[in-house]
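Q:
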Amino acid sequence: KIKLTGYCGVMLPVCEDNRLAELTLEGSKRKLQISDLLLISTVCGVGLDTIPLPGDCSSKAIASMILDIAGVAGRWNKSLSCRVLPVPGLKAGEMTQFDSPYLINAQVFSVD
16 KIKLTGYCGV MLPVCEDNRL AELTLEGSKR KLQISDLLLI STVCGVGLDT
66 IPLPGDCSSK AIASMILDIA GVAGRWNKSL SCRVLPVPGL KAGEMTQFDS
116 PYLINAQVFS VD
């Protein structure tokens with residue numbers, strides 16, 4: 016019998032995947048939401064990963080996301096992460112302007 020340790024699931028890093036970044040755009044067939052990624056985490060995902068947030072996102076809103084992830088992790092007894100990227104000066108719906116070979120630009124998520 017093999018004992019599982021660490022992450023065991025699909026990583027869906029929005030700002031590291033071209034298709035996921037495309038799905039954040041207003042014109043996409045179905046715009047990707049934080050709730051979609053959280054729902055996927057209940058089955059096969061590993062949490063919220065590289066999610067761009069408004070720069071003025073409150074610590075309370077981020078704490079709520081962490082609590083949501085903790086609740087899912089506890090319920091399903093699995094390791095999950097919450098890696099969010101508050102982007103200074105940007106609001107929900109605006110595009111990030113990362114200048115990095117490791118990050119893909121995406122639309123900033125709403126935390127409402």
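The numbers in the working numbering rise by one with no breaks, and the one at position 49 of the sequence shown is 64.
No residue lacks a Cβ here, since even glycine has one placed at the ideal position from N, Cα and C.
Keep in mind it's a predicted model, so treat the numbers as computed, not measured.
#1: For the region 33-103, which segments carrying the alpha helix (DSSP H) assignment without a break, of at least 4 residues, lie completely within its bounds, in sequence order?
#2: Are the beta-carbon atoms of valine 102 and leucine 54 separated by less than 9 Å?
#3: Give the secondary structure of valine 29 by DSSP, where H, G and I count as helix, E and B as strand, and everything else as coil.
#4: Is any heavy atom in the ligand MN found nearer than 8 Å to the beta carbon of threonine 65?
#5: Identify the residues that DSSP records as bridge partners of glutamine 122: which are they?
#6: Isoleucine 66 and leucine 95 - do their beta-carbons sit closer together than 9 Å?
#7: Would you report the Cα separation of aspartate 114 and cysteine 30, rounded to the nearest angstrom?
#8: With a 10 Å radius around its C-beta and 16 neighbouring C-beta atoms as the bar for buried, classify valine 58 as buried or exposed.
A: Let me spell this out:
#1: 33-37, 49-58 and 74-91
#2: no
#3: helix
#4: Here there are no bound small molecules, and the ligand MN is not part of this structure.
#5: Met110
#6: no
#7: 12 Å
#8: exposed
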